[in-house]
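To start, the structure itself, in C-alpha cells.
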Amino acid sequence: MSEALKTTNHEVIRAWIEAREGRPAVVRDSGKGAMLGVDFGQDDEQLQPVEWDEFFRVLDANNLAFLHQDLTESGTTSLTNSFVECN
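Quick note, this note's numbering runs 242 ahead of the 1-based positions in the sequence shown.
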C-alpha cells in the first residue's frame, strides 16, 4: 500500500515536484486568496506559474504542509499531492 507523506521542508517539496517535471504554481481566481498548485504541463488554465520564492512564501504564510505520495499502489511514480493545514 502506498503511503501519504506530509512535509513543510522546502527542499523536500521542491525535489519531489522537480523530480516529476513539475513547476510551482498558484490557482487563479480561487476566491480564497493565493492557493498553491503544481503544474505538471497539462493544459490547466487555472494554474499560474510562480517562482519558488513566491510559492514558499504562500506556503509559509498560510501555515500549509505538502501532502504527497511517492509511488502509486502499482509502484509507479505518483503525481498525487495536495496542500493541507499544518495541524
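A virtual CB, placed ideally from N, CA and C, is assigned to each residue, including glycine.
With a CB to CB cut of under 7 Å and the five nearest residues on each side skipped, what residues in its chain are close to residue i?
i           : result
residue 298 : 252
When you compare each of the options to residue i by their alpha carbons, which one comes out closest?
i           : options               : result
residue 277 : 283, 320 and 308      : 308
residue 296 : 254, 310, 265 and 315 : 265
residue 282 : 301, 261 and 318      : 261
Note down the Cα distance separating residue i from residue j, rounded to an integer number of angstroms.
i           : j           : result
residue 268 : residue 320 : 20 Å
residue 245 : residue 313 : 8 Å
residue 305 : residue 316 : 32 Å
residue 303 : residue 326 : 13 Å
residue 286 : residue 279 : 11 Å
residue 310 : residue 300 : 18 Å
Does residue i come out as helix, strand or coil in the three-state DSSP assignment?
i           : result
residue 321 : coil
residue 265 : strand
residue 276 : coil
residue 297 : helix
Please list, in chain order, all residues of the same chain as residue i whose beta carbon is under 6 Å from its beta carbon, the five residues on each side excluded.
i           : result
residue 288 : 269 and 270
residue 249 : 308
residue 294 : 266
Checking the sheet assignment: what are the DSSP bridge partners for residue i?
i           : result
residue 308 : 249 and 325
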